[in-house]
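Q: Sending over a structure as structure tokens; questions will come in a sec.
The structure is reproduced here in structure tokens:
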């Protein structure tokens, strides 16, 4: 189960005594004062943050907007609605803390063993205890990394060997497939059922796929892209099956704050069966909650020292200074902003769901998403209407004679790689970009079950969301 050698408390004790504690940076006086500044950031007039005013992100090398303009060769974009980040100004507490740290005009190496309050680490634990009821995070079993992908990759390297299988209920977040490529592991996909407008795990198929080659199962909780907030009963069943078949659970919970009204986020680590919890490894970050993807900071924990030690052995103990400061400031002074942001997105999900059902008959949506700020669109009729399959086939025929191209191999190095075939979903995406000036993510990238779907991000101002939906509706009316 642990292919990288024997694991005991020796390395963990060394890390703790050296101040690294599994990659966690102990904050010195400057960082602590910066975090305090973030916590003391002023609340806006009448206590209300403004999410209605559109915030222009174009011109800052932004994936969601600038990359869409560049890759689609557009001079105008109504809305970038692809990649999962938000279009709002960040929480004032974060900006305040960052400005104070930037005033210290030196960016040398940080002393990973420096004395002083370990406020960052303690803040993570306190936030999870208060907000989610997670009581099981041991500071010695909490690791910091530069992103969720880095954490998942170190866990996969610890728990698998190249060629081992990783079980996932699909459609699922497309980034996991990249993590599998980096670790030379293989996706084992279990297609979810679509029942009464929402997705459910096909438990019979899910268990049937738990062969001895499957060493890990990646859970997305809540689920990206289909928007499920898994119930305690579902998570218990998931965990019991994985425990029964000796499959370790990696639970990615970075969308956990975006739970819609009437739903609930259940952390995997709060399940009643402690053996199930001890068979798991949880990834978290403020990157979704506070839109801090650029800050490169995430963290992981397990109640199982063997799992934690195996993963930390593969983790490079490094941390972006500003990422640490921004996340600590967010947890110390950003909760009010976050609560209002979640309410705003909940209303956006209501609006988008109603609008599409009433005004865009060629696009099908199920129930309002239970979690995340993402919406899963069935574009089968659009694909048929524009001849997406035929266009994709023609593009692939034209490219067939060109052979391989320069690109990145599984390790990120430049190499000759095979051309990826054009898919009907990509054709639909290009069509919306060219005709509605709206950029969406093609569903085929989310694994088995993603065909004929697109993912849409509603974490934007209501004005921008309305303009995007209006533009999509108008473009489709011209096809009728």
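Numbering (the numbering used here), first residue to last: -2 to 477. Glycine included, each C-beta is placed from N, C-alpha and C at the ideal position.
For a minimum of 3 consecutive residues, which ranges assigned as the beta strand (DSSP E) are wholly contained in the stretch 120 to 198?
A: DSSP runs (the beta strand (DSSP E)) wholly in the stretch 120 to 198: 139 to 142, 162 to 167, 183 to 188, 190 to 192, 195 to 197.
Q: For the beta strand (DSSP E) that contains residue 375, what are its first and last residues?
A: From DSSP, the beta strand (DSSP E) with residue 375 extends over 371 to 375.
Q: Let me know if residue 421 comes out buried or exposed under the rule of 16 or more other beta-carbons within 10 Å of its beta-carbon.
A: Buried is the call here.
Q: Measuring straight from C-alpha to C-alpha, what distance separates residue 106 and residue 309?
A: Their Cα atoms are separated by approximately 21 Å.
Q: With C-beta atoms as the reference, is residue 346 less than 9 Å away from residue 257?
A: Closer than 9 Å, so yes.
Q: Along the chain, where does the beta strand (DSSP E) that runs through residue 255 open and close?
A: Per DSSP, residue 255 belongs to no beta strand (DSSP E) and is neither H nor E.
Q: Quick one: using the 10 Å Cβ neighbour count with 16 as the cut-off for buried, is residue 18 buried or exposed?
A: Unreliable placement is indicated for residue 18, whose pLDDT of 37 sits below 50; the coordinate value is still reported in the next sentence. Classification for residue 18: buried.
Q: Between the alpha carbons of residue 447 and residue 159, how many angstroms are there, rounded?
A: Taking the straight line from one Cα to the other gives about 26 Å.
Q: Quick check on the burial criterion: 16 or more other C-beta atoms within 10 angstroms. Buried or exposed for residue 67?
A: With fewer than 16 Cβ atoms within 10 Å of its Cβ, residue 67 is classed as exposed.
Q: For residue 220, which three-state DSSP category applies?
A: In this structure, residue 220 counts as coil in the three-state DSSP scheme.
Q: Counting C-beta neighbours from all protein chains within 10 Å, is the total for residue 249 16 or more, i.e. buried, or is it exposed?
A: Result: buried.
Q: Could you check what DSSP says for residue 114 in three-state terms: helix, strand or coil?
A: Confidence in residue 114 is poor, its pLDDT being 36 and thus under 50, which makes the residue's placement unreliable; the coordinate value appears in the next sentence. Reduced to three states, the DSSP call for residue 114 is coil.
Q: Do residue 332 and residue 219 have their C-beta atoms within less than 9 Å of each other?
A: It is not a contact, given that the beta carbons lie outside the stated cut-off.
Q: From residue 492 to residue 191, what distance separates their C-alpha atoms?
A: The displayed coordinates of the chain run from -2 to 477. Any statement about residue 492 would go beyond what the structure contains.
Q: Using 8 Å for Cβ pairs, my map puts residue 375 next to residue 360. What's the rounded Cβ distance?
A: Contact flag correct, Cβ pair sits at about 7 Å.
Q: For residue 281, report the span of its beta strand (DSSP E) as first-last.
A: Run containing residue 281: 277 to 281, per the beta strand (DSSP E) assignment.
Q: Tell me, please, which residues DSSP counts as bridged to residue 55.
A: Residue 55 pairs with nothing; no bridge assigned.
Q: Near residue 293, what residues of its chain come up, given a Cβ to Cβ distance below 6 Å and the 5 sequence neighbours on each side ignored?
A: Around residue 293: 143, 144, 317, 320.
Q: Whole-angstrom Cβ separation of residue 163 and residue 213, contact assumed at under 8 Å?
A: Confirmed, about 5 Å.
Q: Grouping DSSP H, G and I as helix and E and B as strand, with all else coil, what is residue 83?
A: Residue state, collapsed to three classes: coil.
Q: Residue 226: which of 381, 328, 217 sits nearest, CA to CA?
A: That would be 217, whose Cα lies nearest to the Cα of residue 226.
Q: Whose C-beta lies closer than 8 Å to the C-beta of residue 295 among residues of the same chain, with five residues either side of it excluded?
A: Contacts found: 141, 142, 143, 144, 145, 147, 148, 251, 280, 281, 282, 284.
Q: Rounded to whole angstroms, how far is the Cβ of residue 469 from the Cβ of residue 371, which I believe are closer than 8 Å?
A: The Cβ separation is near 16 Å, so there is no contact.
Q: Kindly list the residues whose CB is nearer than 6 Å to the CB of residue 423, restricted to its own chain and excluding five residues on each side of it in sequence; keep chain order.
A: For residue 423, where only same-chain residues beyond five positions count, the Cβ hits under 6 Å are 439.
Q: Under the three-state reduction of DSSP, which class applies to residue 470: helix, strand or coil?
A: Residue 470 falls in the helix class under three-state DSSP.
Q: If you measure between the beta carbons of residue 442 and residue 221, is that distance less than 9 Å?
A: Result no, Cβ atoms of residue 442 and residue 221 do not sit closer than 9 Å.
Q: Going by other Cβ atoms of all chains shown within 10 Å of its Cβ, with 16 needed for buried, is residue 260 buried or exposed?
A: It is buried - the Cβ of residue 260 has at least 16 other Cβ atoms within 10 Å.
Q: Can you say whether residue 327 is buried or exposed, counting buried as having 16 or more other CB atoms within 10 angstroms of its CB?
A: By the neighbour-count rule (16 or more Cβ atoms within 10 Å), residue 327 is buried.
Q: Out of 161, 233, 194, which one is the CA nearest neighbour of residue 208?
A: For residue 208, the nearest C-alpha among the options comes from 161.
Q: Measuring alpha carbon to alpha carbon, tell me which of 431, 132, 477, 458 ends up nearest residue 72.
A: Of the candidates 431, 132, 477, 458, the one whose C-alpha sits nearest the C-alpha of residue 72 is 431.
Q: Does any residue of chain D bring its CB to less than 9 Å from the CB of residue 137?
A: In the displayed structure, chain D is absent; only one protein chain is listed.
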